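Worksheet: the structure to be examined is printed underneath.
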Amino acid sequence: GILERLDAGEIVIGDGGFVFALEKRGYVKAGPWTPEATVEHPEAGASIVGVNCHFDPDTSLETVKLMKEGLQAAKLKAHLMSQPLAFHTPDCGKQGFIDLPEFPFGLEPRIVTRWDIQKYARKAYDLGIRYIGGCCGFEPYHVRAIAEELAPERGFLPEASEKHGSWGDSLSMHTKPWVRARARKEYWENLKPASGRPYCPSMSKPDGWGVTKGARELMQQKEATSEQQLKELFQKQKF
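Written as C-alpha cells, this is what we have:
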C-alpha cells in the first residue's frame with residue numbers, strides 16, 4: 001500500500017484521482033481550512049498530511065510548509081503529500097480556482113509547463129515531501145516530468161523517457177538553428193512563455209460574490225438546481 005511504500009523510503013508519484021478532494025460544495029460549513037486544521041490540531045493524528053487540488057504548485061508547497069511547521073512544533077511525525085493543480089492560480093482567493101471566472105472550461109491558458117512541474121517536483125522533494133503528484137489539469141507529460149526530475153533519487157526513469165531527451169536536449173537535431181539553441185536546461189528553466197492572447201489580462205478577479213462560511217448558497221441540496229435558481233444566479237453574474 002501507499003503507507004508501506006512511504007515508510008520504506010520510496011518516493012511515490014500520485015494522481016489526484018487517487019485522493020478525494022476535501023473541498024466539496026458545502027464543505028466550508030463543515031470545518032476549518034486544511035492547513036489551519038493541521039497547524040492548530042496536529043494531535044488529531046494522520047499518517048499522511050498534505051494538500052490536494054484547488055491551488056497551484058507554489059501555493060500548495062507554501063501550505064505544506066505550514067503543515068510541516070505545525071507537526072514539528074507538536075513534535076509529531078507524518079508523511080507529507082502535495083497534489084496541486086496544473087494551472088497557475090496566483091490570483092485566486094481562499095476557495096481556490098473555483099472562484100476564477102475561467103473555471104472550469106476556460107482554464108487552458110493557465111496550464112503549467114512540464115518545466116514548471118520539474119521545478120515543483122524538486123522543491124517538493126527538498127521540502128521533505130515524498131508523496132508528490134498532481135490533480136486537476138495534470139496530463140501524462142506532467143506526471144512524467146515529476147518522475148524524470150526525481151529519477152536520481154528513485155533510481156530509474158519512466159519508460160516513455162526513452163522517446164525524448166532530458167530538458168529538451170533532443171532538439172539538438174532540429175533543422176532550425178534557433179531551435180537547436182534551445183536544447184539546454186537553462187533555456188527552458190528561464191523561459192517566460194507568452195499566452196498568445198494579446199487582448200486578455202494576465203490576472204483575473206475571483207468571483208466569490210462575498211459568499212463565506214455558513215452561507216445558504218454553499219449548502220448542498222439533494223435535488224437538481226431549478227430553472228428559477230439558475231435565473232437568479234445569471235442575474236448576479238457580471239461580465
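Just so we're aligned, residue 1 is where the sequence shown starts under UniProt numbering, counting upward by one. Ideal placement from N, C-alpha and C gives every residue a C-beta, glycine not left out. The model shown is predicted, which means the values in this text are computed figures rather than measured ones.
Leaving out five residues on either side along the sequence, give the residues of the same chain with a beta carbon under 7 angstroms from the beta carbon of residue i.
| i | result |
| --- | --- |
| Trp178 | none |
| Ala30 | Note on Ala30: pLDDT 39, under 50, position unreliable in the model; no value is reported. |
| Cys135 | Gly16, Asn52, Cys53, Gln83, Pro84, Leu85 |
| Pro193 | Thr113 |
Let me make sure I understand the geometry here. Which of the options has the alpha-carbon closest to that of residue i?
| i | options | result |
| --- | --- | --- |
| Thr59 | Glu227, Ala78, Asp91 | Asp91 |
| Asn190 | Trp115, Gly93, Asp7, Leu107 | Trp115 |
| Glu159 | Ser170, Asp7, Val143 | Val143 |
| Ile117 | Leu61, Ala73, Ala224, His174 | Leu61 |
| Arg184 | His174, Ser166, Thr175, Lys176 | Ser166 |
| Glu186 | Lys119, Gln229, Gly133 | Lys119 |
Please report the distance separating the alpha-carbon of residue i from that of residue j.
| i | j | result |
| --- | --- | --- |
| Gly9 | Phe105 | 39 angstroms |
| Pro57 | Arg130 | 15 angstroms |
| Glu102 | Ala145 | 26 angstroms |
| Pro201 | Tyr125 | 33 angstroms |
| His88 | Trp188 | 17 angstroms |
| Gly155 | Ser161 | 14 angstroms |
| Ile2 | Glu227 | 45 angstroms |
| Ala46 | Ala73 | 15 angstroms |
| Glu232 | Asp7 | 52 angstroms |
| Gly26 | Lys75 | In this prediction, Gly26 scores a pLDDT of 37, lower than 50, which makes its location untrustworthy; the coordinate-derived value is nonetheless stated afterwards. Distance between the alpha carbons of Gly26 and Lys75 is about 33 angstroms. |
If you drop the 5 nearest sequence neighbours on each side, which residues of the same chain put their C-beta closer than 6 angstroms to that of residue i?
| i | result |
| --- | --- |
| Met81 | Ile48, Gly50, Tyr131 |
| Phe138 | Ala86 |
| Ser195 | Pro109 |
| Leu107 | Phe87 |
Are residue i and residue j touching if we call contact CB-CB under 7 angstroms?
| i | j | result |
| --- | --- | --- |
| Glu148 | Arg122 | no |
| Arg180 | Gly168 | no |
| Ile11 | Glu153 | yes |
| His164 | Ser172 | no |
To which residues of the same chain is residue i closer than 8 angstroms at the C-beta, ignoring the five residues directly before and after it?
| i | result |
| --- | --- |
| Ala21 | Confidence in Ala21 is poor, its pLDDT being 43 and thus under 50, which makes the residue's placement unreliable; the coordinate value appears in the next sentence. Contacts found: Asn52, Cys53, His54, Cys135. |
| Gly128 | Lys68, Leu80 |
| Ser204 | Asp91, Leu100, Pro101, Glu102 |
| Arg197 | Pro109 |
Please decide whether residue i counts as near chain C, where near means a Cβ-Cβ distance under 7 angstroms.
| i | result |
| --- | --- |
| Arg180 | Within the model displayed, chain C is absent; a lone protein chain is all it includes. |
Stretch-stretch touch, CB-based, cutoff 8 angstroms, three pairs: the region 97-111 with the region 62-82: no
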